[in-house]
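I have placed the structure first, in the form of structure tokens, so that the comments after it can refer back to it.
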């Protein structure tokens, strides 16, 4: 079977799963599902620049964390914030920072780009950690979950199930946008620039500009996820911006498969579920996660989703 | 400010820079010659520090840890190349990133299982446990001078090997153009094995040497890893003289940054790297790129 069709099929399965969660689970499980859904959205956002654009960013946690801080700093202290006004500030702030980081970093290639994004991410981390803005190492609190102000009705997101539904709508929108962009003409030009820069330039496109646009879109999507995390926990901390966080999301993207939309989401879900299960079994669960990561790299170097697509294709060939 | 204060900071910068060079030289060789981004390099540095701790505790000798570190590093590097990295040859570079990330988790957690979460200190070895007076008020610990001496000796040996020997010639050729070096008869398999073993041994050795200066604690490799990457990016990927210059520069920024802007030393390191890359996107020295 063709990788695109498998990708689309997996996305439908994931979307159906996301809709079913509140009917099956409640309490702790729905909070876990909320966390996993947000991280899956973040992985899809990063996957969009790592895959088609070939830009391996190790600074995306900075966009995610900056948006979270912007929300914590703009949310009113004694009443719930309005989702629409605060989310716009958070996303716009993340996109603006991504535009700045991208404009400077995209001139560098390969490892130089990786470390450039890492350095900017660490600057962001130290900014909130060392300068005293946003509460230093202690972080800052958001006292109320934001409210959804629709025409004629105000929806509270205080309840875990309603917040989960809100999160899944936002994440599904991000996933859909990423899927559509990858298949659009814009996505094709990104892939073309990744694979052959000279020819792409000869066609009249500027690889620098289109990469920058992709980077900003991805940074904005990461920002939306940071907003959701801040709203979920009511708390933000400098660690949200640290490079370890960026690297973990990159691992999710690579485990699932960077060249598909569903891959990063599946990588995030598998990694976080494995963590959850191993954590219950042993205090030293990280060693289990490490072994899983190494096993996936050796068995499926391109990621789980491309591996599945390949396995299904070769079975079909055998039958024919 | 007295000139001696300045001199002590300068010595600190050189000593710190030389330890970074020991770690970064292995990292830059792996990257320049094999195209491997080894995120686990810092974890091997930590392995060295914990090994020094265990050897001092059980064998009551710090000096024994030095040859043992080299042996352990060579063995770990050879195993890493033989059983993991060689399987990924021809695969996307990102799969090596992923592999080494998995290794970090395994090594870090293995350390917690064996040694627990508490930080440990290691006594400076008896023979070097004194200070050399510089003036009436300033003195410099002999052990730190010993670290400087090892670092300088290492830098000289490495540059002689690279410049004068056949192996060095093959390494330089491979860093310059991997495919061409292979076509001219460089045995890639053996070279990869040697480079990985030697590179990891450098990291483990650096961990042992640094252990009496810095304390030994879980996750101590993270910071060193990132700084080593900063070093090789400053110096240009695959360039050993570049790594030395980058390491010393970083030592200076860190040492004087901590004195004059204590809250912003970390900030300065990253800002310095961004500034260098904006002006020279390929590093200070001509690198091979990857």
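Residue numbers (the numbering used here), protein chains in the order written: chain E, 1 to 320; chain G, 321 to 610. Quick reminder that beta carbons are idealized off the backbone N, C-alpha and C, glycines included.
Interface with chain G (9 angstroms Cβ-Cβ cutoff): residue 302 of chain E is included. DSSP places residue 196 of chain E outside both helix and strand once states are collapsed to three, so it counts as coil.
Listed in chain order, the beta strand (DSSP E) elements of length 3 or more contained wholly in the region 2-71 of chain E amount to none.
For residue 164 of chain E, the secondary structure class from DSSP, reduced to helix, strand or coil, is helix.
For residue 336 of chain G, the enclosing alpha helix (DSSP H) stretches over residues 323-354. Residues of chain G whose Cβ lies closer than 9 angstroms to the Cβ of residue 307 of chain E do not exist, since the nearest Cβ in that chain is about 12 angstroms away. By the Cβ neighbour-count rule, residue 27 of chain E is exposed, with fewer than 16 other Cβ atoms within 10 Å of its own.
Identification of residues in the region 573-606 of chain G having a C-beta nearer than 8 angstroms to some C-beta of chain E yields 583, 584, 586, 587, 590, 591, 593, 594, 597, 598, 601, 602, 603, given in sequence order. Beyond the five residues adjoining it in sequence on each side, residue 225 of chain E comes within less than 7 angstroms, by CB distance, of 38, 41, 42, 45, 64 in the same chain, given in chain order. The beta carbon of residue 25 of chain E sits no closer than 9 angstroms to any beta carbon of chain G.
Think of a sphere of 9 angstroms around the beta carbon of residue 422 of chain G: the chain E residues whose beta carbon falls inside it are 251, 289, 290, 291, 292, 293, 294, 295, 296, 297, in chain order. Setting aside the 5 residues that flank it on each side, residue 332 of chain G is surrounded in the same chain by 464, 571, 575, each with a C-beta closer than 8 angstroms to its C-beta; the list follows chain order.
The criterion of a C-beta distance shorter than 9 angstroms is satisfied by residue 540 of chain G and residue 366 of chain G. The Cβ atoms of residue 362 of chain G and residue 550 of chain G lie no closer than 9 angstroms to each other.
Three or more Cβ pairs drawn from the region 520-537 of chain G and the region 460-479 of chain G lie within less than 8 angstroms of each other, which places the two stretches in contact. Counted as a single uninterrupted DSSP element, the stretch harbouring residue 557 of chain G is not any beta strand (DSSP E), since DSSP gives it neither H nor E.
By the 16-neighbour rule on beta-carbons within 10 angstroms, residue 401 of chain G is buried.
Note on the region 195-239 of chain E: whole alpha helix (DSSP H) runs with a minimum of 4 residues are 197-202, 207-233, in chain order.
Using a Cβ-Cβ distance cut-off of 8 angstroms, the region 448-457 of chain G and the region 383-397 of chain G are not in contact, since fewer than three pairs of beta carbons, one from each stretch, lie closer than that value.
Listed along chain E, the residues sitting closer than 7 angstroms to residue 429 of chain G by beta-carbon distance are 284, 286, 287, 290.
Taking 9 angstroms as the upper bound on Cβ-Cβ separation, chain G lies near residues 50, 56 of the region 31-56 of chain E.
Among the residues facing chain G, residue 107 of chain E is included, as its CB has a counterpart in that chain under 9 angstroms away. Residues of chain G whose Cβ lies closer than 7 angstroms to the Cβ of residue 239 of chain E do not exist; the shortest such Cβ separation is about 13 angstroms. Collapsing the DSSP output to three states places residue 455 of chain G in coil. Close to residue 202 of chain E, with beta-carbon spacing below 9 angstroms, lies no residue of chain G; the smallest spacing is near 22 angstroms. C-alpha of residue 165 of chain E to C-alpha of residue 227 of chain E: approximately 15 angstroms in a straight line. Only 404, 407, 408, 411, 412, 413, 414, 415, 416, 417, 418, 419, 421, 422 from the region 401-422 of chain G bring a Cβ to less than 9 angstroms from some Cβ of chain E. Following the DSSP letters along the chain, one finds residue 529 of chain G inside the alpha helix (DSSP H) bounded by residues 508-530.
With a threshold of 16 other beta carbon atoms within 10 Å, residue 146 of chain E meets it and is buried.
A direct Cα-to-Cα measurement between residue 70 of chain E and residue 222 of chain E gives close to 13 angstroms. Contact of residue 375 of chain G with chain E is not assigned, every C-beta pair being separated by 9 angstroms or more. Burial state of residue 198 of chain E is exposed, judged by a 10 Å Cβ sphere holding fewer than 16 other Cβ atoms. In the three-state scheme derived from DSSP, where H, G and I count as helix and E and B as strand, residue 582 of chain G is classed as coil. Selection E:169, E:84, E:66, E:102 evaluated against residue 15 of chain E yields E:169 as nearest (Cα-Cα). For residue 147 of chain E, the enclosing beta strand (DSSP E) starts and ends at 147-150. Straight through space, the alpha carbons of residue 356 of chain G and residue 408 of chain G are spaced by roughly 10 angstroms.
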